[in-house]
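So the protein lines, in turn, are chains A and B.
Per this note's numbering: the first sequence ends with 243, consecutive numbering throughout.
Per this note's numbering: the second sequence ends with 1209, consecutive numbering throughout.
Notes follow the structure.
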Amino acid sequence: MRRLVIPGELVSKENKKMGTGVARKDGEIHSNQLGLLDEKENFVRVIPLSGGYNPKEIDFVIGVVSYVHNTFWKLDIASPYKSILPGGEFFRDLRGKERLRDILPIGSAVYVKIKEVTKSKGVFTTLKWRGATVLKGGFLIEISPSKVPRLIGKKDSMIDILRSESGCEILVGQNGVIWINGPVENMDLAIEAIRYIEANSHKRGLTDYVKNMLIEKRKNL
Amino acid sequence: MLGVIADIKKDYIKKLLEEGKRLDGRGLDDYRPIEIKKDLYATAEGSALVSLGSTQVAVGVKMILGEPYSDMPNRGVLTTSAELGPLASPTFESGPPRPPAIELARVVDRGIRESGSIDTEKLCIVEGEQVWIVFLDIHVLDYDGNLFDASTLACISALLDAKMPKVEDGKAIYGERSGSLPIVDTPISTTYAKLGSAIAVDPHLEEEQVLDARLTITTTKKGEICAMQKGEGGAFTAEEVLNTIDRGIEKAKELRKLL
């Protein structure tokens, strides 16, 4: 079991490599956040229990267009930091012939990759990446970004089960926004399962439980 | 939390509502679970905490002695105020009340005032000089949609719970109580959200964010309408309004049993 730590708590007196959520002071490592301690022989980090989304350059996120400028879209990615999708990062070359607001108006949802996070936390996203897409139909739900790794599971184990057993298309943004598309009954099922995972993310044997739950409920559809 | 509402979200909620379904599995005429707790805050004359699903509203009744309005010298005064603090939702900010808070307070106030719920003549102590001033303070603790109905329920519960302080030589003695407030009617508000062609009662947060128009109907014990409020940019047809009023009156009878 991982130990629960509070902000300021002494985590390690040894000199270890540091991950997220920890800080070094006077040779000692302290926690920055309320979370679970992940301590290995030469590495230490704190997995936060909750909190906002901190953009990283490898992540895919789901964003909603909040404003359209002449040359770029502003995206809301459920994060404290502002995010931009430049017109040049759309799938095809627009060559300034079309207006951006006709292509993706305010309220459009997109599944984008984060291309760059600047030092001042400006986030630049792109659609020119395998998998990135404009979302049509379906529904968006939000969970805490800290629960996303559990929703995906080890080597995609959890999300694969969700996809196959609920019969829905599911895309998970690392920012905690999830897109689900499918028949209404199946979507209800998927939403229920995701909410269950969010509430019980700390439990063992969750993947098997969710699988059985989905199989049982699908029989009744 | 996303600050912008995605179009696909609105389309999906609309599609569900038009099929008679809702995101949380309720029917179009179902309220979320309602819980009313009374007499929670000792410093108030009366108080109530109402939870409507995840929406939570706390109301305190405070009474002080003061002067009546010159056009109503023999009547007590009712003042309602609402506060949407940052505790309730990330979209609320502290500071002076903004339009949503003012609207909430006014709609609740109108329901209680126009139903004649409080017999204000009994709040008069010396005609033209001294009357009771009743403050209804609405504090939203958790915002998950439909503050109107939750607040009206909380206000009327708090009024029913309130005990009047004793008066001696023109001064109030808050330690001693002299009976309940003169409550003669219990107005109940029902709020309906319209999206597309569907009209559903008790919109939760996600429905409230995408609705076209909203209609609040407050009815008295006898089933008479004492206050109405239409909000947001969309429109109701005359037929829809009449239908919704009938639904609202029926629904209010159910809710009144909870008091």
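All C-beta atoms in this analysis are idealised placements derived from N, C-alpha and C, irrespective of residue type, glycine included.
Contact set for residue i: own chain, Cβ-Cβ below 6 Å, skip 5 residues either direction
i	result
residue 985 (chain B)	1001
residue 146 (chain A)	106, 137 and 138
residue 1168 (chain B)	1061, 1137, 1139, 1176 and 1177
residue 1007 (chain B)	1000, 1090, 1100, 1101 and 1104
residue 207 (chain A)	243
residue 1122 (chain B)	1015 and 1115
residue 1085 (chain B)	1012 and 1029
residue 1213 (chain B)	Here chain B comprises residues numbered 951 to 1209, so residue 1213 (chain B) is not present and cannot be evaluated.
residue 1233 (chain B)	Residue 1233 (chain B) lies beyond the stretch modelled for chain B, which goes from 951 to 1209, so this question has no answer here.
residue 86 (chain A)	98 and 131
residue 960 (chain B)	1160
Of the listed residues the options, nearest to residue i (C-alpha basis)
i	options	result
residue 180 (chain A)	A:220, A:153 and A:151	A:220
residue 41 (chain A)	A:53, A:164 and A:31	A:53
residue 1046 (chain B)	B:1060, B:1040 and B:1031	B:1031
residue 982 (chain B)	B:1198, B:1153, B:1176 and B:1197	B:1153
residue 232 (chain A)	A:61, A:94, A:202 and A:175	A:175
residue 1048 (chain B)	B:1035, B:1040 and B:1172	B:1035
residue 1159 (chain B)	B:1096, B:997, B:993 and B:1033	B:1096
residue 1003 (chain B)	B:1025, B:1022 and B:980	B:980
residue 1072 (chain B)	B:1037, B:1024 and B:1151	B:1024
residue 74 (chain A)	A:100, A:60 and A:91	A:100
residue 1150 (chain B)	B:966, B:959, B:955 and B:954	B:966
residue 300 (chain A)	A:241, A:187, A:224 and A:182	Because chain A here runs from 23 to 243, residue 300 (chain A) falls outside it and cannot be looked at.
residue 1079 (chain B)	B:1067, B:1098 and B:1027	B:1027
residue 152 (chain A)	A:140, A:166 and A:81	A:81
With 16 other Cβ atoms within 10 Å as the buried cut-off, status of residue i
i	result
residue 1182 (chain B)	exposed
residue 1189 (chain B)	exposed
residue 1209 (chain B)	exposed
residue 1114 (chain B)	buried
residue 1118 (chain B)	exposed
residue 1089 (chain B)	buried
residue 89 (chain A)	exposed
residue 39 (chain A)	exposed
residue 4 (chain A)	For residue 4 (chain A) there is no data in the structure shown, the boundaries of chain A being 23 and 243.
residue 1013 (chain B)	buried
residue 197 (chain A)	buried
residue 1196 (chain B)	exposed
residue 1157 (chain B)	buried
residue 1192 (chain B)	exposed
residue 177 (chain A)	exposed
residue 195 (chain A)	buried
Spatial distance of residue i from residue j (CA atoms)
i	j	result
residue 28 (chain A)	residue 169 (chain A)	18 Å
residue 235 (chain A)	residue 172 (chain A)	17 Å
residue 1201 (chain B)	residue 134 (chain A)	46 Å
residue 1070 (chain B)	residue 1062 (chain B)	11 Å
residue 98 (chain A)	residue 79 (chain A)	16 Å
residue 189 (chain A)	residue 1104 (chain B)	43 Å
residue 1109 (chain B)	residue 1005 (chain B)	20 Å
residue 116 (chain A)	residue 963 (chain B)	33 Å
residue 209 (chain A)	residue 1130 (chain B)	51 Å
residue 1166 (chain B)	residue 1065 (chain B)	15 Å
residue 1092 (chain B)	residue 973 (chain B)	19 Å
residue 1127 (chain B)	residue 1057 (chain B)	30 Å
residue 988 (chain B)	residue 1107 (chain B)	7 Å
residue 315 (chain A)	residue 199 (chain A)	Examination of residue 315 (chain A) is not possible in this model, given that chain A is present from 23 through 243 alone.
residue 1051 (chain B)	residue 1033 (chain B)	6 Å
residue 184 (chain A)	residue 96 (chain A)	31 Å
residue 956 (chain B)	residue 161 (chain A)	9 Å
residue 48 (chain A)	residue 124 (chain A)	56 Å
residue 186 (chain A)	residue 240 (chain A)	11 Å
residue 1206 (chain B)	residue 1172 (chain B)	11 Å
residue 84 (chain A)	residue 1187 (chain B)	38 Å
residue 1112 (chain B)	residue 218 (chain A)	41 Å
Residue i beta carbon near the ligand ADP (any heavy atom closer than 7 Å)
i	result
residue 1088 (chain B)	This structure lacks the ligand ADP, and indeed carries no ligand of any kind.
Beta-carbon contacts of residue i that lie in its chain and below 7 Å, excluding the five residues immediately before and after
i	result
residue 113 (chain A)	149 and 150
residue 1184 (chain B)	1144, 1162 and 1163
residue 991 (chain B)	997 and 1010
residue 46 (chain A)	40
residue 109 (chain A)	93, 94, 116 and 122
residue 203 (chain A)	159, 160, 190 and 191
Cut-off 8 Å between Cβ atoms - residues of its own chain near residue i, not counting five sequence neighbours on either side
i	result
residue 970 (chain B)	977, 978 and 1148
residue 287 (chain A)	Chain A is shown only over 23 to 243; residue 287 (chain A) falls outside these bounds and no answer can be derived.
residue 129 (chain A)	86 and 87
residue 1075 (chain B)	1015, 1081, 1082, 1117 and 1120
Per-residue contacts from residue i into chain E (C-beta, under 9 Å)
i	result
residue 100 (chain A)	No chain E is part of this structure, whose protein chains are labelled A and B.
Give me the subset of the segment 104-132 of chain A whose CB atoms are less than 9 Å from a CB atom of chain B, sorted by chain position. 127, 128, 129, 130 and 131
By the 7 Å beta-carbon criterion, what residues does the segment 1112-1136 of chain B contribute toward chain A? none
Near-chain A residues of the segment 952-981 of chain B - C-beta to any C-beta below 9 Å: 952, 953, 954, 955, 956, 957, 958, 959, 960, 961, 962, 963, 965, 966, 969, 971, 973 and 975
Anything in the segment 152-179 of chain A with a Cβ closer than 8 Å to a Cβ of chain B? List those residues in chain order, please. 157, 158, 159, 160, 161, 162 and 164
Could you name the residues of the segment 73-89 of chain A whose beta carbon sits closer than 8 Å to any beta carbon of chain B, in the order they occur along the chain? 86, 87 and 88
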